[in-house]
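Here the structure comes first, spelled out in structure tokens, and everything after it is commentary.
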Amino acid sequence: MSALPLDGPEDASRRQFLRVGLMGALALSAVSTVAVLTGCSTPPAAKSFRFLRDNDLKVLRALIPVVLGNVLPAGAAADQAMEETLHSLDNLIFGTSRAGHKQISQLFDLLAMPATRYTVVGLSDDWDKASATDINNFLVSWSHSRVQMLRAGYLGLSQLITMSWYLQPRSWAAIGYVPPRVVA
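Everything in the sequence shown is counted per numbering that gives the first Met the number 0, starting at 0 for the first residue and increasing by one.
What follows is the structure in structure tokens.
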């Protein structure tokens, strides 16, 4: 019996699947190993939040203006809109399952840890020092990545941020939404 050649498209997709699986397992293992070795446990939620931790907030404060672009108000209203969006996002995530909590925490850990932030995201600076261009380049690279896990991470981040913004009454006028009247 002779060996079959391994150069067909099915074999390439199988190799790609195995490669992606291995890379994902290595990335998550690295995050978990570093957390165990440094004595890290899951930190508690930040003050006035139910799910989001301080490191998560640092990542999100950098991502939200880039993801939402010019939809956010300018000036003093921007800070209030950012905080409202963060609390809306916190409530949205808090309402998900334990499995959802775990996956979202792992994604934020991957984005926040310096080693993985540099290797997987491509940012050498911390999130609060990263430029909007660098953050946009990261989002574009993840959205067009050949690695399905990165594309899923991009979709998760961008959709959660966008939903959190459009759940707020302040955003409704921009999309022409008129809430139903409440009859007392």
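For glycine and all other residues, C-beta sits at the position ideal for the given N, C-alpha and C.
- Under the three-state reduction of DSSP, R49 is assigned to coil, being neither helix nor strand.
- For R145, there is no enclosing alpha helix (DSSP H), as DSSP marks it with neither H nor E.
- N90: member of the alpha helix (DSSP H) spanning 75-93, first to last residue.
- Annotation for R97: the continuous alpha helix (DSSP H) segment containing it runs 97-111.
- For the pair L91 and V146, the Cα-to-Cα distance works out to about 26 Å.
- Using a Cβ-Cβ distance cut-off of 8 Å, the segment 79-91 and the segment 153-164 are in contact, since at least three pairs of beta carbons, one from each stretch, lie closer than that value.
- Inclusion of A80 and D127 in the CB contact set at 8 Å is not warranted, their separation being larger than that value.
- Cβ contact annotation for N69 (same chain, cutoff 7 Å, sequence separation greater than five): none.
- F93 is a Cβ neighbour of F50, given a cutoff of 8 Å.
- Note that the C-beta distance between V58 and I160 is not below 8 Å.
- For the pair L138 and L56, the Cα-to-Cα distance works out to about 17 Å.
- Comparing C-alpha distances from R150 to each of S157, Q158, S47, W141 shows the shortest one belongs to W141.
- I103 has its alpha-carbon roughly 10 Å from the corresponding atom of R97.
- When DSSP states are grouped into helix, strand and coil, Y165 belongs to the helix group.
- Looking only at L71, G99, A45, the smallest Cα-Cα distance to W171 is reached by L71.
- D124 and I134 have their C-alpha atoms spaced approximately 11 Å apart.
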